[in-house]
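*Asks:*
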Ligand code: ADP
Ligand code: MG
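In the working numbering, the protein residues as written are 556 to 802.
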């Protein structure tokens, strides 16, 4: 478990294939502590696969390396430690339907960290208030709007006090009127120094919140830069083509 880098996340030569079909072609990426990185690119370009590899929800070629906080991401005993440090928010919320909102946020610290119930509840209520839904604590996920459910999912991820939060299109499944409330929560988090990697189609959000924007296409990291580099002055033809189509 030696520290190999000063980056919080370090990805070297990340290659991933499904059978003979290569989805990621040697991605190199570093994410610094406190950095907000937005990943953009067309559907099928490998964005989800990239971030799912970071906590080994997807296996990848063994000669690729990913480290999180200096810990090599690989099958084995260290993986639980990586996963405790990496929070994930999905497009489809993935809350536990049979548990109250409060319980959803309490459960991981209690099970994984042996946090006492009273302490987990105090923390959960604080987080629910931080994402603006403290009044929904005793409800079940099915009684909440999509935007509220996604805010619970963010509170649940934060409950483990992760070093980094990964978001995979967190607003893509939401009705348009609920996108803003979730982006507002994420914007607030970014402002408090939480390290985040966000796959998103919300270009306005990426421009406003990202420290760095990464454009992927065809399983390659085509271009990376500040929001202004990417949106105002893209160097690569593929980046320009994508932005023309979506903006
Ligand atoms: P994105 O998130 O950018 O839309 P994905 O990472 O989901 O892209 O997918 C990248 C490519 O990998 C796509 O061509 C997709 O069809 C393929 N892919 C994803 N999951 C699987 C799988 N389980 N088996 C085979 N191919 C897959
Ligand atoms: Mg995806």
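Glycine included, every Cβ here is placed at the ideal spot set by N, Cα and C.
Write down every uninterrupted run of the alpha helix (DSSP H) in the region 644-723 whose length is 4 residues or greater and which is fully enclosed by it, in chain order.
*Replies:* Runs of the alpha helix (DSSP H) inside the region 644-723: 656-668, 672-685 and 701-714.
*Asks:* Would you call the CB atoms of residue 575 and residue 616 closer than 8 Å?
*Replies:* The residue labelled residue 575 in the question sits at position 20 within the chain shown. The residue labelled residue 616 in the question sits at position 61 within the chain shown. The answer is no: Cβ separation not under 8 Å.
*Asks:* Say whether the region 654-671 touches the region 746-766, bearing in mind that this needs 3 or more beta-carbon pairs closer than 8 Å, one atom from each stretch.
*Replies:* The region 654-671 is not in contact with the region 746-766.
*Asks:* Classify residue 788 as buried or exposed, calling it buried when 16 or more other Cβ atoms lie within 10 Å of its own Cβ.
*Replies:* Position 233 of the chain shown, counting from 1, holds the residue named residue 788. The residue is exposed, with fewer than 16 neighbouring Cβ atoms inside 10 Å.
*Asks:* Apart from the five residues just before and just after residue 648, which ones in its own chain have a Cβ nearer than 6 Å to its Cβ?
*Replies:* Within the chain shown, the letter at position 93 stands for residue 648. Here the set comprises 704, 705 and 708.
*Asks:* Helix, strand or coil: which one does DSSP assign to residue 598?
*Replies:* Walking along the chain shown from the start, residue 598 turns up at place 43. Coil.
*Asks:* In angstroms, rounded to a whole number, what distance separates the CA positions of residue 637 and residue 675?
*Replies:* Position 82 of the chain shown, counted from the start, is the residue given in the question as residue 637. Position 120 of the chain shown, counted from the start, is the residue given in the question as residue 675. Each residue's Cα considered, the two are about 21 Å apart.
*Asks:* Note down, in chain order, each residue of its chain lying with its Cβ closer than 6 Å to the Cβ of residue 557, except the 5 sequence neighbours on either side.
*Replies:* By 1-based counting over the chain shown, the position of residue 557 is 2. Per-residue confidence for residue 557 stands at a pLDDT of 48, beneath the threshold of 50, marking its modelled position as unreliable; no derived number is given.
*Asks:* Could you check if residue 596 belongs to the surroundings of the ligand ADP, using beta carbon to heavy atom distance under 7 Å?
*Replies:* On the chain shown, position 41 is the one that residue 596 refers to. For the ligand ADP, at least one heavy atom lies less than 7 Å from the Cβ of residue 596.
*Asks:* State yes or no: is the C-beta of residue 578 nearer than 7 Å to some heavy atom of the ligand ADP?
*Replies:* Here residue 578 refers to the residue found at position 23 of the chain shown. The answer is yes for residue 578.
*Asks:* What residue range is occupied by the uninterrupted beta strand (DSSP E) comprising residue 726?
*Replies:* Counting from one through the chain shown, the residue named residue 726 turns up at place 171. From DSSP, residue 726 is part of no beta strand (DSSP E); its letter is neither H nor E.
*Asks:* Using a Cβ-Cβ cutoff of less than 6 Å, which residues in the same chain neighbour residue 645 once the five nearest sequence positions on both sides are dropped?
*Replies:* As a first step, residue 645 is located in the chain shown; it is residue number 90 there, counting from the start. Once the five neighbours on either side are set aside, the close Cβ partners of residue 645 are 723.
*Asks:* Check whether the region 585-593 touches the region 760-777, counting contact only when three or more Cβ pairs, one atom from each stretch, lie closer than 8 Å.
*Replies:* With a cut-off of 8 Å, the region 760-777 and the region 585-593 count as touching, because enough Cβ pairs lie within range.
*Asks:* Identify every residue that forms a DSSP beta bridge with residue 565.
*Replies:* Translated into the one-based positions of the chain shown, residue 565 becomes position 10. Its beta-bridge partners are 585 and 622.
*Asks:* Could you check whether the region 733-744 touches the region 685-703, counting it as contact only if at least three pairs of C-beta atoms, one from each stretch, sit closer than 8 Å?
*Replies:* Because the criterion of three Cβ pairs below 8 Å is met, the region 733-744 and the region 685-703 touch.
*Asks:* Starting from residue 615, trace the alpha helix (DSSP H) in both directions and tell me its first and last residue.
*Replies:* The residue given as residue 615 occupies position 60 in the chain shown. Element bounds for residue 615: n/a, residue is neither H nor E.
*Asks:* Would residue 731 be called buried (16 or more neighbouring beta carbons within 10 Å of its own) or exposed?
*Replies:* Here residue 731 is taken as the residue at index 176 of the chain shown, counted from 1. So residue 731 counts as exposed.
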